[in-house]
Structure formats: structure tokens, C-alpha cells
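A.B. asks: Below: one structure in C-alpha cells.
There are 2 protein chains.
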Amino acid sequence: MTKKVAIIGSGNWGSAIAKIIGMNIAKNTTDFDQKAKMWVYEEMIDGQKLTEIINTKHENVKYLPGIKLPENIVAVPELDDVVSDADLLVFVLPHQFLPRLLNGIKDKIKKDAVAIHLIKGVFFIDGEMVPISSRIKDVLGIECCTLMGANVANEVAREEFCETTIGYETQEAGEIFFKLFNTKFFEVTIIQDVTGPEICGALKNIVALGSGFCDGLGYGGNTKAAIMRIGLKEMRGFAMMYSKTVVESTFLESCGVGDLITTCIGGRNRKCGEYFAKTGKAWDVIEKELLNGQKIQGVPCAKEIYEILSTKNLLAKFPLFHTIHRISVGELEPKEIINYKSVNN
Amino acid sequence: MTKKVAIIGSGNWGSAIAKIIGMNIAKNTTDFDQKAKMWVYEEMIDGQKLTEIINTKHENVKYLPGIKLPENIVAVPELDDVVSDADLLVFVLPHQFLPRLLNGIKDKIKKDAVAIHLIKGVFFIDGEMVPISSRIKDVLGIECCTLMGANVANEVAREEFCETTIGYETQEAGEIFFKLFNTKFFEVTIIQDVTGPEICGALKNIVALGSGFCDGLGYGGNTKAAIMRIGLKEMRGFAMMYSKTVVESTFLESCGVGDLITTCIGGRNRKCGEYFAKTGKAWDVIEKELLNGQKIQGVPCAKEIYEILSTKNLLAKFPLFHTIHRISVGELEPKEIINYKSVNN
Numbered sequence: 001m002t003k004k005v006a007i008i009g010s011g012n013w014g015s016a017i018a019k020i021i022g023m024n025i026a027k028n029t030t031d032f033d034q035k036a037k038m039w040v041y042e043e044m045i046d047g048q049k050l051t052e053i054i055n056t057k058h059e060n061v062k063y064l065p066g067i068k069l070p071e072n073i074v075a076v077p078e079l080d081d082v083v084s085d086a087d088l089l090v091f092v093l094p095h096q097f098l099p100r101l102l103n104g105i106k107d108k109i110k111k112d113a114v115a116i117h118l119i120k121g122v123f124f125i126d127g128e129m130v131p132i133s134s135r136i137k138d139v140l141g142i143e144c145c146t147l148m149g150a151n152v153a154n155e156v157a158r159e160e161f162c163e164t165t166i167g168y169e170t171q172e173a174g175e176i177f178f179k180l181f182n183t184k185f186f187e188v189t190i191i192q193d194v195t196g197p198e199i200c201g202a203l204k205n206i207v208a209l210g211s212g213f214c215d216g217l218g219y220g221g222n223t224k225a226a227i228m229r230i231g232l233k234e235m236r237g238f239a240m241m242y243s244k245t246v247v248e249s250t251f252l253e254s255c256g257v258g259d260l261i262t263t264c265i266g267g268r269n270r271k272c273g274e275y276f277a278k279t280g281k282a283w284d285v286i287e288k289e290l291l292n293g294q295k296i297q298g299v300p301c302a303k304e305i306y307e308i309l310s311t312k313n314l315l316a317k318f319p320l321f322h323t324i325h326r327i328s329v330g331e332l333e334p335k336e337i338i339n340y341k342s343v344n345n
Numbered sequence: 001m002t003k004k005v006a007i008i009g010s011g012n013w014g015s016a017i018a019k020i021i022g023m024n025i026a027k028n029t030t031d032f033d034q035k036a037k038m039w040v041y042e043e044m045i046d047g048q049k050l051t052e053i054i055n056t057k058h059e060n061v062k063y064l065p066g067i068k069l070p071e072n073i074v075a076v077p078e079l080d081d082v083v084s085d086a087d088l089l090v091f092v093l094p095h096q097f098l099p100r101l102l103n104g105i106k107d108k109i110k111k112d113a114v115a116i117h118l119i120k121g122v123f124f125i126d127g128e129m130v131p132i133s134s135r136i137k138d139v140l141g142i143e144c145c146t147l148m149g150a151n152v153a154n155e156v157a158r159e160e161f162c163e164t165t166i167g168y169e170t171q172e173a174g175e176i177f178f179k180l181f182n183t184k185f186f187e188v189t190i191i192q193d194v195t196g197p198e199i200c201g202a203l204k205n206i207v208a209l210g211s212g213f214c215d216g217l218g219y220g221g222n223t224k225a226a227i228m229r230i231g232l233k234e235m236r237g238f239a240m241m242y243s244k245t246v247v248e249s250t251f252l253e254s255c256g257v258g259d260l261i262t263t264c265i266g267g268r269n270r271k272c273g274e275y276f277a278k279t280g281k282a283w284d285v286i287e288k289e290l291l292n293g294q295k296i297q298g299v300p301c302a303k304e305i306y307e308i309l310s311t312k313n314l315l316a317k318f319p320l321f322h323t324i325h326r327i328s329v330g331e332l333e334p335k336e337i338i339n340y341k342s343v344n345n
């Protein structure tokens, strides 16, 4: 039996990944049903429904303009319709919308469906970190894989070469998602570690802030590489402490070192960290000036991690995370980043 | 008994590391003799011997101008005098001078001396790779550790924060060299893997060439991060195949991912790779135009590795190294780097 794919989300990243899914299912009639439904939160664009535009023009004119979507991607405004007959559920939407959405579909999905999510970030609930895969698995009662890597939606949509990592629990799930996502320009590696990749996707933003401080202070390449590497080591330490299913080799994958490099060289958290070190402006001012309304993820993430480590009396094991947090809340000068080992004693 | 330290080499890196050694032994009277001899290949500077200048001005005016060396570093022109009573031998000189030098001192050193080398690169002899530590160990009959990391001599000399990795065979050797080199601004991690770090130090230059091709072609951050990560994976694969003493976690250390990041962002191999992709000029022309007589290490290294892999019928396991070599010899266009998986079939 071929598997039906549902794409839950249709923003910039959702539309880019829908293009890959459409291309891949068209080439694989053995494994996949030849149409994939994409849930679109309905909105009006110049008097016309976005779903209608996507289904006639085959372009998400609002969130991924200029990129043709394959015709086998069908935009659907009713979520129940999208998920109810799907075998493979692809979650690709902002994480804040997920909890309510999951509650709404938990009784509608097939019992043997398998999920994957492409959502960067984690939840922090009552002082604990909750990976998004855990939340999906707990609410829906099905396996949930992760897809994480050094992937910028627009570059993927333009078919620029990059890599990504799929973390699975069962080999079978890993293999079917490999077939769904792997292309020549979007190179997938599958690993048996669901949680490691998603923790990387959240914690890298703390390290990117620190890299930005180095840039803002004019530190050289060795210093910045050191901060990135120590950051990667603390990411690994935190993730492996969090879950015994996390493996060391995950941090050498695209979701680990690959994404970290991209984020610390070019990302928005790095940029804001640089500006903070140079100007000392408040984060909300920096967001307004540099991000046009987008949020800096590294600052609240560093705070949440700080609180978890503080409660568990583990701050001494993560001196760089601790130092970046203290710099970000104004307790330390940015230049203290290189004294991360001694400054908290 | 305190240990006597001999520094064999006094170039840019040798002088920078002599500064650290001098500072550290002065602070540790329990473990170290309070003077360290530094072998200086004698030359005349404005009519005065370089050793005399170093011993009176306490500055290597030729190779590390502007940096004061501690007064406990004593420049000595006779190699035998430097090594004969030393307990710790620090090799830090260009690798082409090493074989003859080793033969000259093998009957002069203490039998229970321990060596460490800071020399980037490996030997290729009769189609086989020979790590520098192996050569030192074989000729001198003593343990040889390695010190490798994202370290630029002038930045270290100016006390800019960076990290490094010491690979040891016996814990005791690792610990004494930790004491000799670790400072607040030069942060040492010791690992039980001698060969992994030095193979990283050689192979990273191949990856840096590839990163340079990406820059020259105007590829985005995701593509470059992918090439760097795939390069790191092949470095790991090659090193772990070469020796069973190499461990996976080495590649997450400063000598692995740290040095790779610095080299692929700012190094000379990257710069030459970029220029090659943009201009198509011959490597010897590029060396003249960009490097002022210095050599590009990545091109001959890629060739040697290619020949080893070809002989052993293992090219298919290292498609990126293979592709970078073929681009560097003009068999493929630089843009084929992103087709590294398919272009060699």
C-alpha cells in the first residue's frame, strides 16, 4: 500500500519542504500516494483565498514567492481533511501553534500514522525542557521523528545544495522519511536519535549569541572557533544528560556541527549578539532595529537553560551557557565571555 | 625531581609557545626546572647573532617581533646542548627539517625523555601516510604526544583566548604537558589519542580548499557548512581507518572541529581555493600572487590522499576528498563539488 503524506504548515519552510515532498513522491509510485495534502491557514490575498491561489498558480505567493510548487501538492484549509487519512504527518509550523493543534487532531488521525517534525526549538514547561517530538508523541500516541539541519528555506527552495539530519526511533520510520525527503540537493542522513537533533536546534542559538559577542568585540578567528566549539561541547553535555537516547555522533551531523557553523557565521542570533556587544542596547530595541519584528531565540533560551541548570545545581558543568546568559541579562560585560571558566566562581 | 624542558625550534610558532612555556615553568617550581633552553638556528641580524639578541633583548626580533619572551627562555645555537639533559622535548619546527634533525639527536637524548610536537602536517613516504609522532617515536624510541588546535601564533603570542588539544599515549605524559602548556588564554584539553589530532591538522587543508571553492562560486552558508561537515566526516573516516587508536570524540575537540572552522573561514588554503574557483589560475601562480612564497598545503595533501585511497581501492568511501583532488588538478570544474557523490561514478 502506498502511503499518504500530510504536510501540516505552509509558511516559508513548509512550502519549501512541500516542493521537495512533491518532487519525491512523483518519482516514487511504489511507496507514496501521488498527491500530498498541505494544510494552509486560510487567508485572503488581494480578494482571493490563499488555498485557491496555491492550487491554481502552484505558488505560495505570500510565504514563498517565485518558487513553483509541484502540482501534486494540494492546499487544503480544513485540518481534519488533511490529517484524517494520512500515513505520514509532517509538522512544519511555528511551535507556539502546536499544542492547540495537536489537541484538535488527536482523535482524528490514523492509529498507525508516523510523524516527523521540522520545528526548531523546544518547549519549556514548568522549568523543564520538553522536546517537540516528545510532545507530539505524547499527545498523538505515535512515533515522531525529527528533521533538523543547516537549512535556510529560501536556499532549499532554490535547490542550493545542503544537508539535513533525520532522527528516528524505528529504522522503518527513518527509511520511509529518507525516501520522502532525500534529493541530490537536499542530502539526508538518518540517525537513531530523535532528541539530540532537536536539542541542538534550540541550544545552538545560545552559542550563536556568544559568537556574536566575539564578533562585536573584534575577537579573532581562533577565539570565535573556541567559543563555538566549547558551545558545541556544552550542547552535547546538556543533551546527553537530558536523555540516554542521545548519542555523541549526533553532534558531528548536519543538525549538530553543520547547523552550528551556519548559525554562528550568518544567523540572526549572531547578528544581534554582535550588535549587543557593540551598542549595549536592550534586546527589544535590537529586535526592532535589526529583525523587523522577528524574535531573538537565544536570549530566552539561555534564560530557560540557566534556570533548569540552577535548579538542578549543575551550572558549574555549563560555564559557557551560564556566562552567555549572565552577559545577556547585563550581569557581566560581553568581554567576560573568554573568562567563562572563572567568572562565575 | 623537576623536569628540564627543551624547545626545538624558534620560528613564529616556536617563539609564541616558548612564551607560554616560560610563563608556566616560572609559576610551577615543583614540576619544572626554572630555565628552558630553546634551540635557535643561528643567523646574523644586522651584524648580531640572533641567539644573543634573544638572550639580551628577550625578543625574537626576526620571527616574533614585538613580543617579550620570558627571561627564563634561553636561546642556544647548539642542538646537542639543548636536548642532552632535557626531560621534555618540544618539537616545533617546519616538518621538512625533522628527519635529519632526529637522526642527529637520537643518541644524545635521555632515555626516559618524553616528546611532544606542534608540527602541522604528516609525512607521505612510499605511498603511505606517516604521522610525525610516529616518526619521532620510531627514531628516538620515546613517547611522543601532539599539540594541535585552532591556534595562530601571533594571536597566541598576544594572549588572545584560544583552545588547543594535547593527545597523549600515557596519562602521565598528558598531565605533565597540560601543566606545561595550559594557561587562562590558551586552554588545553588532553585526550588519549595521539594520531587523530595530527591527521586532522593535515586533512583539514583539503576541506579548506573545498570551502574556498564554495566561496569563490558564491555559494551560501548552508552549502559551505555542508562541505565543511562532510569534510569533517571524511577526516574522521580516514583517521579511524588509519589507526585503531583514533577515537570519534577527537573530532569534536579543538584539533578537530575547532581548527577546521578557523581554517575554512579564514585560512590560506581557503583563500587560495576561492581564488582558484574565481580565476582558474595555476596553483603556483596563486601561491606567488597570494602567499608571498608560502605553500598551499591542501593541493599536494589531496593528491597524496587520493593516491593512497586509489591504491587501496577506497576512493568510493571518500567522495569529497576525491572530488576536491580532481577539481584541484583540473579534471573537474569547481562547481562539481556539490555533485561529489555522483561525479566520480
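Just so you know, the sequences run in chain order H and U.
Following the UniProt record's numbering, the numbering of the first sequence begins with 1 at its first residue and continues without gaps.
Following the UniProt record's numbering, the numbering of the second sequence begins with 1 at its first residue and continues without gaps.
Heads up, the beta-carbon is just placed ideally off N, CA and C, and yes, glycines get one too.
1) Could you spell out where the alpha helix (DSSP H) holding Asp-107/H opens and where it closes?
2) DSSP state of Met-129/U, grouped into three classes?
3) Could you tell me whether any Cβ in chain U is nearer than 8 Å to the Cβ of Cys-162/H?
4) When Cβ atoms are compared, which residues of the region 313-339 of chain U fall closer than 9 Å to chain H?
5) Check whether the region 292-303 of chain U touches the region 197-210 of chain U, taking contact to mean three or more Cβ pairs, one atom from each stretch, closer than 8 Å.
6) Restricting to Cα atoms, I'd like to know which of Gly-266/H, Lys-62/H and Trp-39/H is closest to Gln-48/H.
7) Just to confirm before moving on: does the CB-CB distance between Ile-21/U and Leu-180/U stay below 8 Å?
8) So, is Pro-197/U buried or exposed, given that buried needs 16 or more other C-beta atoms within 10 angstroms?
9) Does Met-228/H get closer than 8 Å to chain U when you measure Cβ to Cβ?
10) At what residue ranges does the region 184-211 of chain H contain a whole run of the beta strand (DSSP E), taking only runs of 3 or more?
11) Please report the straight-line C-alpha distance between Lys-312/U and Gly-201/H, rounded to a whole angstrom.
12) To the nearest angstrom, how far is it from the Cα of Leu-50/H to the Cα of Pro-70/H?
13) Buried or exposed: where does Glu-234/H fall if 16 or more other Cβ atoms within 10 Å of its Cβ makes it buried?
14) Have a look at Ser-243/H and Cys-144/U and give me their C-alpha separation to the nearest angstrom.
15) Return the CA-CA distance between Ile-109/U and Gln-96/U, expressed in angstroms with no decimal places.
16) Check Met-235/U in the structure and name its three-state DSSP category.
17) Between the beta-carbon of Leu-217/U and the beta-carbon of Ala-157/U, is there less than 8 Å?
18) Can you give me the C-alpha to C-alpha distance between Val-152/U and Asn-269/H, rounded to a whole angstrom?
19) Run through chain U and tell me which residues come within less than 8 Å of Leu-232/H, C-beta to C-beta.
20) Taking 8 Å as the cut-off, does the region 4-11 of chain U touch the region 169-176 of chain U (at least 3 CB pairs, one atom from each stretch)?
21) Can you check whether the C-beta of Gly-221/H is within less than 8 Å of a C-beta belonging to chain U?
22) According to DSSP, simplified to helix, strand and coil, what is Ala-6/U?
23) Compute the distance between the beta-carbons of Val-246/U and Thr-189/U, then report whether it is under 8 Å.
24) Secondary structure at Thr-170/U, three-state DSSP: helix, strand or coil?
25) Any chance the region 82-92 of chain H sits against the region 51-59 of chain H, with 3 or more Cβ pairs inside 8 Å?
26) Does any residue of chain H have a CB that is nearer than 8 Å to the CB of Asn-151/U?
27) Around the Cβ of Arg-326/H, are there at least 16 other Cβ atoms within 10 angstroms (buried) or fewer (exposed)?
28) Assign Met-44/U to one of two classes, buried (16 or more other C-beta atoms within 10 Å of its C-beta) or exposed (fewer than that).
29) Please give the ranges of any alpha helix (DSSP H) in the region 56-94 of chain U, keeping only runs that are unbroken, at least 4 residues long and fully inside the region.
30) Pairing CB atoms from the region 211-230 of chain H with CB atoms from the region 252-271 of chain U, are three or more of them under 8 Å?
31) Just mark Ser-310/H as buried or exposed, buried being the case when its beta carbon has 16 or more other beta carbons within 10 Å.
32) Could you check how far apart the C-beta atoms of Ala-239/U and Ile-199/U are, in whole angstroms? I think they sit under 8 Å.
33) Let's see if you can read the secondary structure: which residues bound the alpha helix (DSSP H) around Phe-276/U?
34) Would you give the residue range spanned by the alpha helix (DSSP H) that Val-114/U belongs to?
35) For the region 253-287 of chain H, which residues have a CB atom closer than 8 Å to at least one CB atom of chain U, in sequence order?
36) Once the 5 residues before and after Lys-131/H are set aside, which same chain residues still bring their CB inside 7 Å of it?
C.D. replies: Result, derived from the coordinates:
1) Careful: Asp-107/H lies outside any alpha helix (DSSP H) and carries neither H nor E.
2) strand
3) yes
4) Ile-337, Ile-338 and Asn-339
5) yes
6) Lys-62/H
7) yes
8) buried
9) yes
10) 186-191
11) 39 Å
12) 16 Å
13) buried
14) 38 Å
15) 21 Å
16) helix
17) no
18) 27 Å
19) Leu-252 and Val-257
20) no
21) yes
22) strand
23) no
24) coil
25) no
26) yes
27) buried
28) exposed
29) 79-83
30) yes
31) exposed
32) 4 Å
33) 268-279
34) First-last for Val-114/U: 114-117, but that is the beta strand (DSSP E), not the alpha helix (DSSP H).
35) Glu-253, Ser-254, Val-257, Gly-258, Asp-259, Ile-261, Thr-262, Ile-265 and Gly-266
36) Strictly speaking, residue 131/H in this sequence is Pro, with Lys absent from that position. Cβ neighbours of Pro-131/H beyond the five flanking positions: Val-122, Thr-195, Glu-198 and Ile-199.
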